[in-house]
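A short write-up of the structure that comes next.
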Amino acid sequence: MSPSDLATEAAGLEAIQLTEAQACDFELLITGALSPLTEYGSAFPLRAGRAFPLGARLALRDGFNERLGVLTVGACEPDDGGLLIHGPVEPIRRPRWRGFEPLRLTPDELREIHGACLAWVPEPWPTDAEAASAERLASESGLPIVVFVPSHYPLHVSLSARVRAAQSAAPAAKLVILPLADPALLPEALRNYGAARRVPSQAGSLSPSVAAIRDAEQPSRSAQGFCLWFTGLPSSGKSTVASEVATLLDERGRRFTFLDGDVVRTHLSKGLGFSREDRDTNILRIGWVASEIVRHRGVAICAAVSPYEATRERVRAMMGEDQFILIHIATPAEVCETRDVKGFYAQARSGAITGFTGVDDPYEIPSKPSLRLETTNAAARENALAVMEYLVQVGFL
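If you count the sequence shown from 1, you need to add 1405 to reach the working numbering.
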């Protein structure tokens, strides 16, 4: 089937919307960068929010709802509350990325130019020691230097800055942007791009031009963005503590955006229900908005039940480990029930409503929160001050 015919079919199929990281994986898969892998399988599955029948054909779309390919479901296996899908993919096109189009070569395109090459992968800033090693190894081996720049890591450094730094450090070398979000895939991708040798990573000084790019890109810790993610049972006090934190940040002159779970459901997530899939969609929407705020060096304060560990970890991955501060408001269910002015706990226990977190739907206690606060014997202001103290300790304030 031609790509145009496949795109026509995909228009009528049920779709899976890929994250940016999944779109990177998809491009590596269809361009041969992960050869001999040619489809999603047990070693390289596609994570989805729910199960699909075997043999189902699913359109894969990017964040802009563009059709990338069609996946035929060969198997589904459960994993941390989600599903891992296996099956072959028929590509329609590669994902479209912003900028640097001439640098986004496929393995076949690069091998046609160079055959074998010497791979240099700055992590993320090319050092003078690495530049010297690259010149020496190229002279010894006779291999051309190719500087590979991963497109989606590290998250805290923009692709533009990493490309400009690589161009400054190795102006005569070929530069290739890898559609890569998972560092574990780098060795296999380099092999398929024809890398016969690799320049070892070496700490050391930076050239003045690279140092200037780094300094402009990496503000001090106190000028970086971060996300305060408050999780806990309904009526645990998440929004109350988060509001106190917002007041304290405002008093210090720090701008923030407050994303409350109940408010988000009346706007961004209007129409979603309370199935596991809809809950995950709601949390991932909040997480995506928060990640954009953090990326632009703002502060996102999020208060949402977010009951599932796997979904919280997906939100963490959107903005990076260092920028995501998970705060568990650890109020016991029996205390939450006494504070429930809307009467949801009572309705859930009577069977009037179903799927209520803490009654007939689970709340998965965070295994690695940045802070765990209790509200039974501590006032909201006291807990907010504990959050502020933590922010000072880690350098955000």
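We treat Cβ as the ideally placed atom computed from N, Cα and C, and that holds for glycine. What you are looking at is a predicted structure, and each value in this text was computed from that prediction instead of being measured.
For Q1422, which of helix, strand or coil comes out of DSSP? The count along the sequence shown starts at 1 and reaches residue 1422 at position 17. Strand.
Just reading off the alpha helix (DSSP H) that E1656 is part of, what are its end residues? The count along the sequence shown starts at 1 and reaches residue 1656 at position 251. Here the alpha helix (DSSP H) through E1656 covers K1643 to E1656.
Environment of K1643 [buried if 16+ CB atoms lie within 10 Å]: Taking the first residue of the sequence shown as position 1, residue 1643 is located at position 238. Here K1643 is buried: its Cβ has 16 or more other Cβ atoms, across all protein chains shown, within 10 Å.
Out of curiosity, what's the CA-to-CA distance linking D1745 and A1753? The residue given as residue 1745 occupies position 340 in the sequence shown. The residue given as residue 1753 occupies position 348 in the sequence shown. Whole-angstrom Cα-Cα distance: 12 Å.
Beta-carbon proximity list for S1840, same chain, < 6 Å, skipping 5 on both sides: Residue coverage of the chain in this structure runs from 1406 to 1802, which leaves residue 1840 outside it and unanswerable.
I believe F1553 touches L1583 by the beta-carbon criterion, under 8 Å. Please report the beta-carbon distance rounded to the nearest angstrom. For the purposes of this step, residue 1553 is taken as residue 148 along the sequence shown, with counting starting at 1. For the purposes of this step, residue 1583 is taken as residue 178 along the sequence shown, with counting starting at 1. Yes, they are in contact, since the Cβ atoms of F1553 and L1583 sit about 5 Å apart, within 8 Å.
Quick check on this structure: which residue in S1546, R1541 and R1619 has the alpha carbon closest to the alpha carbon of S1565? What you label residue 1565 is simply residue 160 of the sequence shown in a count that begins at 1. The shortest Cα separation from S1565 among S1546, R1541 and R1619 belongs to R1619.
If you reduce the DSSP assignment to three classes, tell me which class L1664 lands in. As a working note, residue 1664 is residue 259 in the sequence shown. Correct three-state label for L1664: strand.
Per DSSP, what kind of secondary structure is I1435 in: helix, strand or coil? Residue mapping note: residue 1435 aligns to position 30 of the sequence shown, counting from 1. Here I1435 sits in helix by DSSP.
What alpha helix (DSSP H) runs, 4 residues minimum, are completely inside the stretch 1689-1771? For the stretch 1689-1771, whole alpha helix (DSSP H) runs of length 4 or above, ordered along the chain, are 1714-1724, 1738-1743 and 1749-1755.
Would a C-beta distance cut-off of 7 Å place G1474 and E1495 closer than the cut-off? Walking along the sequence shown from the start, residue 1474 turns up at place 69. Walking along the sequence shown from the start, residue 1495 turns up at place 90. Taking 7 Å as the Cβ cut-off, G1474 and E1495 qualify as a contacting pair.
Minimum C-alpha distance to T1477 - residue among L1673, Y1558 and I1490: Here the question's residue 1477 lines up with position 72 in the sequence shown. Looking at the Cα atoms, I1490 is the closest of the given residues.
Going by alpha carbons, who is nearest to G1630 out of G1609, R1681 and L1654? One-based indexing of the sequence shown puts residue 1630 at position 225. Ranking G1609, R1681 and L1654 by Cα distance to G1630 puts L1654 first.
Which value, in whole angstroms, describes the spacing of the CA atoms of L1548 and V1604? In the sequence shown, counting from the first residue as 1, residue 1548 sits at position 143. In the sequence shown, counting from the first residue as 1, residue 1604 sits at position 199. Rounded to whole angstroms, L1548 to V1604 spans 12 Å at the Cα level.
With a threshold of 6 Å on Cβ separation, who are the neighbours of T1716 within its own chain once the five nearest residues in sequence on each side are excluded? Sequence index remark: in the sequence shown, residue 1716 carries index 311 (1-based). Counting only Cβ-Cβ distances below 6 Å, and skipping sequence neighbours, we find D1685 and I1688.
Below 7 Å between beta carbons: does that hold for C1632 and V1699? On the sequence shown, position 227 is the one that residue 1632 refers to. On the sequence shown, position 294 is the one that residue 1699 refers to. Their beta carbons are under 7 Å apart, which means C1632 touches V1699 by this criterion.
So does the stretch 1732-1739 actually touch the stretch 1709-1723, counting three or more Cβ pairs closer than 8 Å? no
Closer than 6 Å by C-beta to A1420: which residues in its own chain qualify, once you throw out the five before and the five after it? Chain order, please. In the sequence shown, residue 1420 corresponds to position 15, counting from 1. Closer than 6 Å at the Cβ level, and outside the excluded window around A1420, lie A1464 and R1466.
Buried versus exposed, by CB contacts within 10 Å (16 or more), A1575: Locating residue 1575 in the sequence shown gives position 170, where the first residue counts as 1. Buried, since its Cβ has 16 or more Cβ neighbours within 10 Å.
What's the call for I1691, buried or exposed, on a 16-neighbour Cβ count within 10 Å? Position 286 of the sequence shown holds residue 1691. The residue in question, I1691, is buried, as its Cβ has 16 or more Cβ neighbours within 10 Å.
A1430 burial status per 10 Å Cβ neighbour count (16 or more: buried): One-based indexing of the sequence shown puts residue 1430 at position 25. First, the amino acid is wrong: residue 1430 is Asp here, not Ala. Its Cβ being crowded by 16 or more others within 10 Å, D1430 is buried.
Taking the beta strand (DSSP E) that L1796 belongs to, which residues open and close that run? Here residue 1796 refers to the residue found at position 391 when the sequence shown is read from its first residue. Segment A1785 to Q1798 is the alpha helix (DSSP H) holding L1796; no beta strand (DSSP E) there.
By a C-beta neighbour count over all protein chains shown, 10 Å radius and 16 as the cutoff for buried, is T1652 buried or exposed? As a working mapping, residue 1652 is identified with position 247 in the sequence shown. So T1652 counts as exposed.
Helix, strand or coil: which one does DSSP assign to H1519? Indexing the sequence shown from 1 puts residue 1519 at position 114. Three-state result, H1519: helix.
Anyone know if the C-beta pair for R1499 and E1432 falls short of 7 Å? For the purposes of this step, residue 1499 is identified with residue 94 of the sequence shown, where counting begins at 1. For the purposes of this step, residue 1432 is identified with residue 27 of the sequence shown, where counting begins at 1. Yes, the pair counts as a contact, with Cβ atoms nearer than the cut-off.
Same chain, Cβ closer than 7 Å to A1453, five either side skipped, listed in chain order: On the sequence shown, residue 1453 is found 48 positions in, with the first residue counted as 1. Contacts found: I1421, G1487, L1488 and I1490.
Cutting at 7 Å between CB atoms, please list the residues of its own chain near P1529, excluding the five before and the five after it. Looking up residue 1529 in the sequence shown gives position 124. For P1529, where only same-chain residues beyond five positions count, the Cβ hits under 7 Å are P1559, V1562 and R1567.
Closest by C-alpha distance to P1493, when choosing among W1502, E1444, A1536 and T1532: In the sequence shown, counting from the first residue as 1, residue 1493 sits at position 88. Per the Cα distances, E1444.
To the nearest angstrom, how far is it from the Cα of L1591 to the Cα of A1577? Position 186 of the sequence shown, counting from 1, holds the residue named residue 1591. Position 172 of the sequence shown, counting from 1, holds the residue named residue 1577. L1591 and A1577: Cα-Cα distance of roughly 23 Å.
Is L1638 buried or exposed, if buried means 16 or more other CB atoms sit within 10 Å of its CB? Translated into positions along the sequence shown, residue 1638 becomes position 233. By the Cβ neighbour-count rule, L1638 is buried, with 16 or more other Cβ atoms within 10 Å of its own.
Can you list the beta strand (DSSP E) stretches of 3 or more residues lying completely in the stretch 1564-1641, in chain order? Inside the stretch 1564-1641, DSSP marks whole beta strand (DSSP E) runs of 3 or more residues at positions 1579-1583, 1600-1603 and 1631-1636, from first to last along the chain.
CA-to-CA distance, P1767 to C1741, given in whole angstroms: Taking the sequence shown and counting its residues from 1, one reaches residue 1741 at position 336. Taking the sequence shown and counting its residues from 1, one reaches residue 1767 at position 362. So the two alpha carbons sit approximately 15 Å from each other.
Where does R1462 sit, in a helix, a strand or coil, going by DSSP? Residue 1462 sits at position 57 when you count from the first residue of the sequence shown. Strand.
Burial state of P1531, where buried means 16 or more other Cβ atoms lie within 10 Å: As a first step, residue 1531 must be located in the sequence shown, where it is residue number 126. P1531 is buried by the Cβ-count criterion.
In the structure shown, what three-state DSSP assignment does R1681 receive? Counting from one through the sequence shown, the residue named residue 1681 turns up at place 276. The answer is helix: DSSP assigns R1681 an H, G or I state.
Grouping DSSP H, G and I as helix and E and B as strand, with all else coil, what is D1484? Position 79 of the sequence shown, counted from the first residue, corresponds to residue 1484. Strand at D1484.
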